[in-house]
Each structure stands twice: as C-alpha cells, then as structure tokens.
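**Student:** First residue of the sequence shown? That's -3 in the working numbering, and the numbers climb one at a time after it. Don't be surprised by glycine CBs; every beta carbon is placed ideally from N, CA and C.
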Amino acid sequence: FLKSLGARDLTIQARTAIVANHPKGPAVTTGVVVKETGQPTIQVSLGSSSNSELATMFGQCPVQLFVNGVATDIDAGTGLTDATVQVKDKRIVVEYINTQIRLDLNVRVWRNTCHFSVTYFLADCPCDGSLVGILGQPDGDWKNDWHEHDGTAVTIPASRRDRRGKKAYDYSLTWCLTEAESEFTYEPTMSHADHDFCSGTKGDDNFDLDIDQIIAETTPEVINKCTTEGELDEGCVFDCNFLGDEACDEFIDIVQNTATAEITVITDGPTSGPTPGPTSGPTSGPTLDPTAGPTSPPTTAPEPA
C-alpha cells in the first residue's frame, strides 16, 4: 500500500477480502499494519471468529490488535508511549506520536461482511519522492499516480475506460504482497495464503466496463450525488451503480466530505494533541474499482497480506 524508498524504513500495508455474496465481488479492507524501524509495529485486523485470541467484538465483528506481533487487548491500548491505540464506540485510532502517523478506522458491516473504513494521516509526509504506494507519490499530480515498487512511474492509460477498467485492475495486482513482503501477524491456524485474493480471473469478468456508457445510463439523482464543486466523481458513479445504495451513501459520506470535515480527536484516551488533516483520502468501504483513477479514494485491490 505504502512504503519508503530512502533511509526511512516505513511500510503501511492493508489487506482486503472479497465480499462473497455480491455478484461483482468488491473488495473491502480487513486489516492494516504499520511498521517502521525504531517504532512499535501496530496491526489492527479482523479475527476469524469471536474466539480469536483477545478479540474484541464490535457488534458482530471480531477485531484484534497486535503490538509487535503479540495479541493485545485493544480496549487496554498498546501500553506504550510511542504509539497509542484508542477505542470509542466503533472507531479505532492508531497514532504514532513521534512520526505523526495516524490511522482512523471505523468498523462497518456491509452485506453481512465486516470491514474497516480507514483514513490515513501522514502529517510529516515528505513530498520528495521518498514515499511510494499503490496510488503513486504525494506530489499532488494524479497523472503519475501509477508506480512500480521502486518509485518508477507507470504510464496511466489515456482512455477513461482503461483507467477505470481491466487495466486499472491489472495495475492494482502489481501491488499485491508476497508472503516474504507481508508484515502481518497471522492467527495460529492461518497463514498468508488464507488472505491471498490476487489469483483468479475476477478482473476479466468485472472490470471491462465502459465508463461513458455507465454515466449516460446513470440516473440524474446519482449524478447529482456524485458531483462536488461541479466535478463528477466517476468512482462514486461506479459504487452507486454497481454496489447499491448503502455503498453509494458511504462513499459520499466518507470520501466527498473528507476534505472539509472537522477531524475530531478522542479526548478521553491515553493520548492527546494536534492531529493534522489527511494526506490521502479514506478507503470508502466496499469498492468495485480498486485503482479507479484520479478522483477515486485510495483503496487497495484484493491483495495478500
């Protein structure tokens, strides 16, 4: 998802799973992990069941916290000062005090599938080309948002259909993680292979789409919902058309309001202090198109972890 290229050894990884009871097989986020040399490794992920080690139930969703690879009671926090975890209702905030990294997770359920909606904040984010991820580098230019792992820019297709369709999906698969690359801790009876959704031909069936035709066939109500400051968000149109009203409303509520929303801080937990605004947008929950071009939220493809 995101990694450093220079002397700083930082990686933020997310794993996703397919919503099995949806005909289009959209991906949802089921875990995130942050690792950096000299800092605690923090992982928040969905357990396989309510019996998962030290899992806390958020409604029907079993959530686990791992600190440096050890299962920890998420309600008790990390017990550390360098990195804290706070919980309030169905919201989980992971914050690195020294490096000013913050992950704001909300536990959600869609089509009986538990997942996280995540906003990533990198307050001390360098714009010098030393960070790269599935959506490129933080240089403010969407036209070079496809990159290889070493920071080499990949040509983005000129066709809007290709930017939203199979070629975008194929690009997202290049950011899948191997077992050796994964920083995730797994439950005793599970492994990297249990979370590997990169294989198969799902993209062949679901991503050869004509964005112009979809827009032309979209209702005026959806077009109005997906238009912000005069600009139509094609990713929003995709979600509203293919994933249903709940996913559509979640996209609009989370993604389109992120830039103007006031970021609230949990004040009754172990840490306080300023938390700057996001340098990348949230994962919008269920998403059909994992790398949907310049106006979509940064959501990962089904990638192993």
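1) Start and end of the beta strand (DSSP E) containing residue 110?
2) Skipping 5 residues on each side, what residues in its chain have a beta carbon closer than 8 Å to that of residue 190?
3) Spatial neighbours of residue 31 within its chain, please: C-beta separation below 7 Å, excluding the five flanking residues on both sides.
4) So what's residue 57 in DSSP terms, helix, strand or just coil?
5) Taking a contact to mean a Cβ-Cβ separation below 8 Å, would you say residue 79 touches residue 92 in this structure?
6) Taking Cβ positions, are residue 27 and residue 41 nearer each other than 8 Å?
7) In whole angstroms, give me the CA-to-CA distance for residue 245 and residue 25.
8) Does DSSP put residue 176 in a helix, a strand or coil?
9) Does DSSP classify residue 106 as helix, strand or coil?
10) According to DSSP, simplified to helix, strand and coil, what is residue 49?
11) Compute the Euclidean distance between the alpha carbons of residue 169 and residue 115, then round it to the nearest angstrom.
12) Under a three-way DSSP split, which group does residue 182 fall into?
13) DSSP state of residue 275, grouped into three classes?
14) Should residue 84 be labelled buried (16 or more other beta-carbon atoms within 10 Å of its own) or exposed?
15) Would a C-beta distance cut-off of 8 Å place residue 14 and residue 234 closer than the cut-off?
16) Taking the C-alpha atoms as reference points, what is the distance between residue 50 and residue 82?
17) Please report the straight-line C-alpha distance between residue 70 and residue 153, rounded to a whole angstrom.
18) Quick check: the Cα distance between residue 231 and residue 56, rounded to an integer number of angstroms?
19) Skipping 5 residues on each side, what residues in its chain have a beta carbon closer than 7 Å to that of residue 134?
20) Could you give the distance in angstroms between the alpha-carbon of residue 0 and the alpha-carbon of residue 144?
21) If I measure Cβ to Cβ from residue 211 and keep anything under 7 Å in the same chain, skipping five residues before and after, which residues do I get?
**Tutor:** Let me spell this out:
1) Here residue 110 is taken as the residue at index 114 of the sequence shown, counted from 1. Note, residue 110: beta strand (DSSP E), 109 to 118.
2) Residue mapping note: residue 190 aligns to position 194 of the sequence shown, counting from 1. Excluding sequence neighbours, residue 190 sits near 182.
3) Sequence index remark: in the sequence shown, residue 31 carries index 35 (1-based). Closer than 7 Å at the Cβ level, and outside the excluded window around residue 31, lie 7, 37, 179.
4) Against the sequence shown, residue 57 aligns to sequence position 61. If DSSP states are grouped into helix, strand and coil, residue 57 belongs with the strands.
5) Numbered from 1 along the sequence shown, position 83 holds the residue referred to as residue 79. Numbered from 1 along the sequence shown, position 96 holds the residue referred to as residue 92. The answer is yes: Cβ separation under 8 Å.
6) Taking the sequence shown and counting its residues from 1, the one referred to as residue 27 is at position 31. Taking the sequence shown and counting its residues from 1, the one referred to as residue 41 is at position 45. Yes. Within cutoff.
7) In the sequence shown, counting from the first residue as 1, residue 245 sits at position 249. In the sequence shown, counting from the first residue as 1, residue 25 sits at position 29. Using only the alpha carbons, I get a separation of about 18 Å.
8) Counting from 1 along the sequence shown, the entry for residue 176 is found at position 180. Residue state, collapsed to three classes: coil.
9) Translated into positions along the sequence shown, residue 106 becomes position 110. Of the three classes helix, strand and coil, the one that applies to residue 106 here is strand, per DSSP.
10) Here residue 49 corresponds to residue number 53 of the sequence shown, with the count starting at 1. In this structure, DSSP gives residue 49 a state outside helix and strand, which the three-state scheme calls coil.
11) Counting from one through the sequence shown, the residue named residue 169 turns up at place 173. Counting from one through the sequence shown, the residue named residue 115 turns up at place 119. The straight-line gap from Cα to Cα measures roughly 22 Å.
12) On the sequence shown, residue 182 is found 186 positions in, with the first residue counted as 1. If DSSP states are grouped into helix, strand and coil, residue 182 belongs with coil.
13) Position 279 of the sequence shown holds residue 275. Confidence at residue 275 is low in this model, with a pLDDT of 40, below 50, so its placement is unreliable and the value that follows should be read with caution. Note: residue 275 maps to coil in three-state DSSP.
14) One-based indexing of the sequence shown puts residue 84 at position 88. Classification for residue 84: exposed.
15) By 1-based counting over the sequence shown, the position of residue 14 is 18. By 1-based counting over the sequence shown, the position of residue 234 is 238. In this structure, residue 234 does not lie closer than 8 Å to residue 14 by Cβ.
16) To locate residue 50, count along the sequence shown from 1; it is residue 54. To locate residue 82, count along the sequence shown from 1; it is residue 86. One C-alpha to the other measures close to 16 Å.
17) Locating residue 70 in the sequence shown gives position 74, where the first residue counts as 1. Locating residue 153 in the sequence shown gives position 157, where the first residue counts as 1. Those two C-alpha atoms are separated by around 43 Å.
18) As a first step, residue 231 is located in the sequence shown; it is residue number 235 there, counting from the start. As a first step, residue 56 is located in the sequence shown; it is residue number 60 there, counting from the start. Going by the C-alpha atoms only, they are around 29 Å apart.
19) Reading the sequence shown from its first residue, position 138 is the one you call residue 134. Result list for residue 134: 121, 123, 127, 275, in chain order.
20) One-based indexing of the sequence shown puts residue 0 at position 4. One-based indexing of the sequence shown puts residue 144 at position 148. If you take the alpha carbons of residue 0 and residue 144, they lie about 13 Å apart.
21) Within the sequence shown, the letter at position 215 stands for residue 211. 233, listed in sequence order.
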